[in-house]
Ligand code: CTP
Ligand code: MG
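Residue numbers (this note's numbering): 12 to 265.
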């Protein structure tokens, strides 16, 4: 995937300082009972640590702000102390909120001055490759106020009239043209001032930050995402994540 001829942000860390906010305060209800999702192990290491390392792998990222489960900030802090990050990367830990949007806002509030580009990355996407991170940063540097990594869909998507009772048949009302749809991942990248304004302006629940920038009337651009940036949501996703890690270890070993 890497293309050495492309001028990557990794090669120019001084151009604009980038911080990554990692919302990690969710419970992981869909994953089933257990510790908060970000603290569950993947290849023996907490998912959150993989996600932090994935951001710190980009030479452009000089600060990582982890938004921890409200009761788990001290535990997260000691986890980060125990797992070495590159020397160029600082980190901060703040307690999260009731929704993802609140958690991201708390992370943004903790950002010190001097970081003009902000990435927002789900702790639940521990395996995103550094090339994807760098591509997002690069597109922000080129002037986009908001950037999302996105992939074409494998499944056809139907719009339905949701049934009142789960499991009941639901009438299909439309079939959007799949060629024009994309599944959106993280890290999403932003001009910092734009993302702050979006969080101050937009009310109501949203599942991604770029959606709020769209609501400001600004253009959000999509760059190619990556299969390995999938979100660990349900138990089967953990099986896939372990398999991806095992394949990486095998490849690294030879
Ligand atoms: N998140 C957060 N604060 C919340 C809710 C979610 O920081 N109050 C974070 C999660 O920790 C995760 C990311 O937002 O890294 C994406 O959310 P999701 O995958 O939905 O995780 P959870 O909310 O933990 O999972 P579930 O919805 O199954 O409970
Ligand atoms: Mg959730």
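For every residue, glycine included, the Cβ atom is placed at its ideal position computed from N, Cα and C. Source: prediction; values computed, not measured.
Q | residue 114: first and last residue of the uninterrupted alpha helix (DSSP H) it sits in | A | In the chain shown, residue 114 corresponds to position 103, counting from 1. Going by DSSP, residue 114 is part of the alpha helix (DSSP H) stretching over 111-120.
Q) Taking the continuous beta strand (DSSP E) assigned at residue 200, which residues delimit it? A) Taking the chain shown and counting its residues from 1, one reaches residue 200 at position 189. Secondary structure note for residue 200: its beta strand (DSSP E) is the uninterrupted segment 199-202.
Q) Which value, in whole angstroms, describes the spacing of the CA atoms of residue 31 and residue 131? A) The residue given as residue 31 occupies position 20 in the chain shown. The residue given as residue 131 occupies position 120 in the chain shown. The alpha-carbon atoms of residue 31 and residue 131 are separated by roughly 6 angstroms.
Q) With distances taken between CB atoms, is the gap from residue 155 to residue 78 smaller than 8 angstroms? A) Residue numbering aside, residue 155 sits at position 144 when the chain shown is read from its first letter. Residue numbering aside, residue 78 sits at position 67 when the chain shown is read from its first letter. Their beta carbons are not under 8 angstroms apart, which means residue 155 does not touch residue 78 by this criterion.
Q | For residue 249, the nearest candidate out of 143, 50, 71 and 230 (CA to CA) | A | The count along the chain shown starts at 1 and reaches residue 249 at position 238. Closest by alpha carbon: 50.
Q. Does any CB atom of chain B fall closer than 8 angstroms to the CB of residue 39?
A. Absent from the structure is chain B; it holds one protein chain and no more.
Q: Within 10 angstroms of the Cβ of residue 34, are there 16 or more other Cβ atoms? Answer buried if so, exposed if not.
A: Position 23 of the chain shown holds residue 34. By the 16-neighbour rule on beta-carbons within 10 angstroms, residue 34 is buried.
Q.
Quick check: what's the CA-CA separation for residue 23 versus residue 228?
A. The residue given as residue 23 occupies position 12 in the chain shown. The residue given as residue 228 occupies position 217 in the chain shown. With a pLDDT of only 45 at residue 23, under the threshold of 50, the placement of this residue in the model should not be trusted; the figure read from the coordinates follows. In a straight line, the C-alpha of residue 23 is about 31 angstroms away from that of residue 228.
Q) At a cut-off of 7 angstroms, is residue 54 close to the ligand CTP when judged by its beta-carbon and the heavy atoms of the ligand? A) As a position in the chain shown, residue 54 is number 43, starting the count at 1. With a threshold of 7 angstroms, the Cβ atom of residue 54 does not count as near the ligand CTP, since no heavy atom of the ligand is closer than that.
Q. What residues in its chain sit with their C-beta under 8 angstroms from that of residue 91, if we drop five residues either side in the sequence?
A. Counting from one through the chain shown, the residue named residue 91 turns up at place 80. Closer than 8 angstroms at the Cβ level, and outside the excluded window around residue 91, lie 60, 63, 77, 102 and 104.
Q) Looking at the structure shown, is residue 170 part of a helix, part of a strand, or coil, going by DSSP? A) Here residue 170 corresponds to residue number 159 of the chain shown, with the count starting at 1. In the structure shown, residue 170 falls within a strand segment according to DSSP collapsed to helix, strand and coil.
Q) Looking at residue 136 and the ligand MG, is the gap between the Cβ and the nearest heavy atom below 7 angstroms? A) Walking along the chain shown from the start, residue 136 turns up at place 125. Flag unset: Cβ of residue 136 not near the ligand MG.
Q: Could you have a look at residue 252 and say whether DSSP puts it in helix, strand or coil?
A: Stepping through the chain shown from its first residue, residue 252 is reached at position 241. Three-state result, residue 252: helix.
Q | Nearest-angstrom beta carbon gap, residue 117 and residue 108 [assumed within contact, 8 angstroms] | A | Taking the chain shown and counting its residues from 1, the one referred to as residue 108 is at position 97. Taking the chain shown and counting its residues from 1, the one referred to as residue 117 is at position 106. Contact between residue 108 and residue 117 holds, since their C-beta atoms are separated by about 6 angstroms, short of 8 angstroms.
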